[in-house]
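Notes follow the structure.
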Amino acid sequence: MFSKKFSYVRNLLGVILALSVLLSACQAAPPAPTELPKTEVPTEAATLAPTEAPTEPVAKYNEAPMLKEMVDKGELPPVEERLPENPLVIPVTESTGVYGGVWHRGFLGPSDYNNYVRVVYDGLVRFSPDGSKVEPRLIESWESSDDFMTWTIHMRAGAKWSDGEPFTADDIMFWYEDVLLNTDLTPSVPKWMQNKDGSTAAVAKVDDYTVTWTYTNANTTLMMELANQDGGDKSYAVFLPAHYLKQFHAKYANADELNKMVTEAEFKTWAELFATRKNPAENPDRPVMAAWIPTTRVSDDTLVLKRNPYFVGVDPEGNQLPYIDEIQFKFFQDIQALNLAAIAGDLDMQERHMIMSNYPVLKENELAGKYRVITWSTFGGSDAAITFNQTYDKDPVVAELLQTKDFRIALSYAIDRDQIKESAFLGLGEARQPVPAPWHPYYPGDDVAHKYTEFDPDKANALLDGLGLTERDADGFRLNKDGKPFSIEISVVPNFANWPDVAQLVAADWQKVGVRTIVQVRERAVHFEMRDANEIVTELWNEDTTGFPFTG
12 MFSKKFSYVR
22 NLLGVILALS
32 VLLSACQAAP
42 PAPTELPKTE
52 VPTEAATLAP
62 TEAPTEPVAK
72 YNEAPMLKEM
82 VDKGELPPVE
92 ERLPENPLVI
102 PVTESTGVYG
112 GVWHRGFLGP
122 SDYNNYVRVV
132 YDGLVRFSPD
142 GSKVEPRLIE
152 SWESSDDFMT
162 WTIHMRAGAK
172 WSDGEPFTAD
182 DIMFWYEDVL
192 LNTDLTPSVP
202 KWMQNKDGST
212 AAVAKVDDYT
222 VTWTYTNANT
232 TLMMELANQD
242 GGDKSYAVFL
252 PAHYLKQFHA
262 KYANADELNK
272 MVTEAEFKTW
282 AELFATRKNP
292 AENPDRPVMA
302 AWIPTTRVSD
312 DTLVLKRNPY
322 FVGVDPEGNQ
332 LPYIDEIQFK
342 FFQDIQALNL
352 AAIAGDLDMQ
362 ERHMIMSNYP
372 VLKENELAGK
382 YRVITWSTFG
392 GSDAAITFNQ
402 TYDKDPVVAE
412 LLQTKDFRIA
422 LSYAIDRDQI
432 KESAFLGLGE
442 ARQPVPAPWH
452 PYYPGDDVAH
462 KYTEFDPDKA
472 NALLDGLGLT
482 ERDADGFRLN
492 KDGKPFSIEI
502 SVVPNFANWP
512 DVAQLVAADW
522 QKVGVRTIVQ
532 VRERAVHFEM
542 RDANEIVTEL
552 WNEDTTGFPF
562 TG
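Numbering (my numbering), first residue to last: 12 to 563.
Below, the structure is given as structure tokens:
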């Protein structure tokens with residue numbers, strides 16, 4: 012997560028319109044390998060339209076055979092008793108699924124935590140598939156007061172955690188009263204839960220299935236915020252299994268028993284113990300609301316997830332979801348090893364960590380590996396974008412430049428995006444700003460999409476000269492207006508194959524117009540620590556959320 016201090020401007024590098032490489036295993040032989048596709052970007056979504064969810068309640072519910080067998084043995088209640096009174100109906104995109112099977116994926120271990128999170132992502136609400144709106148998920152509905160100061164959410168009566176215990180307002184109140192407001196667990200209240208004066212917004216239980224959020228000022232973005240509060244990035248979700256986690260909380264647990272658990276787990280404080288026990292990927296005993304339940308740990312060689320018999324969702328025909336019985340994340344030491352497994356046909360469907368530079372060899376091995384390779388046009392953003400930290404304050408000279416619009420525009424003109432596209436992305440995609448795709452409802456228009464993106468070193472030099480950066484050192488690098496040298500740093504992580512290469516190409520372009528640029532390749536954890544400390548000057552990352560409301 013960005014620190015609240017980290018303000019960023021998306022006006023530089025949009026090398027590729029997110030043509031993600033997606034590998035999908037198939038039973039029948041795929042089409043013969045083809046030549047690389049042309050670089051035209053689709054003007055409409057490369058997805059099938061989902062069916063409409065039924066407006067009337069489903070008359071009869073169905074369940075996976077493995078669950079039906081458990082019901083028949085008396086090991087599980089009937090499906091009608093496991094579902095809420097008004098289940099979440101998830102539209103079908105292509106055709107009704109078939110129960111069963113194991114989905115094999117690859118991941119890079121505990122540091123690749125979000126690989127797991129994004130598969131099981133479940134919030135009270137969530138973004139629609141194209142990111143253009145927020146939809147109900149675990150809750151049934153919501154409304155706001157006319158002044159947007161009070162929001163009321165209505166939960167699904169009868170919804171249950173994966174262990175069969177009720178999912179109620181108490182689970183939200185436990186998060187609010189005992190986690191958010193507990194300084195041992197939450198040292199500082201996140202910005203989205205603050206009023207304008209810095210005080211904390213109020214959350215209150217109305218009844219077992221109704222909760223209110225109240226601010227002292229208008230807050231029109233609460234539901235968007237709730238769509239992100241699912242426990243991703245190892246954060247605390249806004250709903251927690253109170254019935255399970257209270258045993259690890261100092262307010263509820265017996266002090267002697269809690270201290271014993273802390274000691275046995277080799278922690279120093281109860282808060283450290285609580286933080287690990289609340290994390291499903293590190294604690295398979297922790298009940299969840301997601302479609303699949305972790306049964307091993309993210310630190311194991313294989314992270315195994317099995318279907319949740321109490322998941323709140325059904326398809327339009329009344330089949331309780333998910334269709335797939337199990338997901339297995341196999342650990343790989345590095346990205347190349349993961350890609351080799353994909354080429355060998357060992358993965359069923361994988362998009363994360365599929366390297367664009369491997370596209371030709373992936374296509375060549377489609378027949379042998381019995382898989383398909385799809386270049387999937389996503390709804391927005393960029394696979395590589397430079398963002399500027401306009402609140403950076405460690406170096407006043409650099410800080411002033413980062414806050415100067417013409418400096419940022421100059422560096423944008425200095426980038427040879429076509430060269431980067433050819434070198435790092437095999438010529439695929441489109442060089443443009445990181446904005447939603449042309450078919451997306453939030454597409455700002457061609458003018459914005461291509462603003463400042465032409466490669467024009469003359470314009471770049473003229474703008475930099477106009478800022479008074481006319482003097483240069485013996486190596487040809489510009490000096491600040493006071494005659495002293497300065498440099499711009501690009502921070503980049505190695506987790507996503509070609510980012511360091513892109514950063515080096517950008518740095519070379521900036522140096523050609525006299526701006527000394529240093530590329531720092533950092534481990535992800537170090538990069539995020541520096542983000543939180545407001546120490547990042549610029550970073551190279553993707554911008555895959557520009558299709559979401561208010562986030563682009």
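The beta-carbon is built from N, C-alpha and C at its ideal position, and this holds for glycine as well.
What you are looking at is a predicted structure, and each value in this text was computed from that prediction instead of being measured.
May I have the straight-line CA-CA distance separating S310 from D357, to the nearest angstrom? 21 Å
Straight-line gap, D406 to E546 (C-alpha atoms, nearest Å): 10 Å
Inter-stretch contact (C-beta, 8 Å, three-pair minimum) for the stretch 214-231 and the stretch 162-172: yes
Closer than 6 Å: D208 CB and nearest the ligand SAH heavy atom: In terms of ligand content, the structure shown is empty, and the ligand SAH therefore cannot be addressed.
Given V548 as reference, the closest of T194, S498, Q522 once Cα atoms are compared: It is S498.
Give me the Cβ distance between L256 and K289, rounded to the nearest whole Å; I'm assuming they're in contact under 8 Å. 6 Å
What does a CB cutoff of less than 6 Å around W510 pick up in its chain, not counting 5 residues either side in sequence? V503, L551
Less than 7 Å between the beta carbons of W114 and I385, yes or no? no
Between E80, W521, Y187, A70, which lies nearest to P595 when the distance is taken from Cα to Cα? Coverage of the chain is limited to positions 12 through 563, which leaves residue 595 absent and any answer about it impossible.
Excluding the 5 residues flanking G477 on each side, which residues of the same chain have their C-beta closer than 7 Å to its C-beta? D417
Can the beta-carbon of A248 be found closer than 7 Å to that of D219? no
According to DSSP, is L349 helix, strand or coil? helix
Cα-Cα separation between K207 and T398, rounded to whole angstroms: Annotation: K207 to T398 spans about 26 Å, alpha carbon to alpha carbon.
Alpha carbon of A519 to alpha carbon of W186, nearest angstrom: 48 Å
Can you have a look at E92 and say buried or exposed, based on whether 16 or more other CB atoms are within 10 angstroms of its CB? exposed
Which of the three DSSP states, helix, strand or coil, is assigned to H260? coil
State the DSSP-derived secondary structure class of Y382, mapped to helix, strand or coil. strand
What runs of the beta strand (DSSP E), each 3 residues or longer, lie entirely inside the stretch 163-221? 213-218
In the DSSP output, what is A396 paired with across the bridge? In DSSP, A396 forms a bridge with W552.
For N73, list the residues DSSP reports as bridge partners. N330
Near A56, what residues of its chain come up, given a Cβ to Cβ distance below 6 Å and the 5 sequence neighbours on each side ignored? Note that A56 has pLDDT 39, beneath the 50 cutoff, so the model's placement of it is unreliable and the number below is only indicative. The answer, listed in chain order, is W450.
Alpha carbon to alpha carbon, what distance is there between Y72 and G329? 5 Å
Are A395 and G117 closer than 7 Å when you measure CB to CB? no
Pick from E293, M166, G525 that is closest to N472, judged by C-alpha positions: G525
Only counting the same chain, and skipping five residues up and downstream in sequence, which positions put a Cβ closer than 6 Å to that of G120? F342
Check whether the stretch 135-153 and the stretch 184-203 are in contact - that is, three or more C-beta pairs closer than 8 Å. Fewer than three pairs of CB atoms, one per stretch, sit closer than 8 Å, so the stretch 135-153 makes no contact with the stretch 184-203.
Could you tell me which residues DSSP pairs with I529 in its beta bridges? E500
Please report how far the alpha carbon of Q401 lies from the alpha carbon of V532, in whole angstroms. Using only the alpha carbons, I get a separation of about 21 Å.
With burial defined as no fewer than 16 other Cβ atoms inside 10 Å of the residue's Cβ, what is the status of V537: buried or exposed? exposed
Please decide whether L373 counts as near chain C, where near means a Cβ-Cβ distance under 7 Å. In summary, chain C is missing from the structure at hand, where a single protein chain is found.
I need the DSSP call for W114, collapsed to helix, strand or coil. strand
Report the residue ranges of all beta strand (DSSP E) runs contained in full by the stretch 227-311; include only those spanning at least 3 residues, in chain order. 303-305
Relative to the alpha-carbon of M234, which residue among T464, V136, P452 has its alpha-carbon at the smallest distance? Considering only T464, V136, P452, the residue with the shortest C-alpha distance to M234 is V136.
Where does P140 sit, in a helix, a strand or coil, going by DSSP? coil
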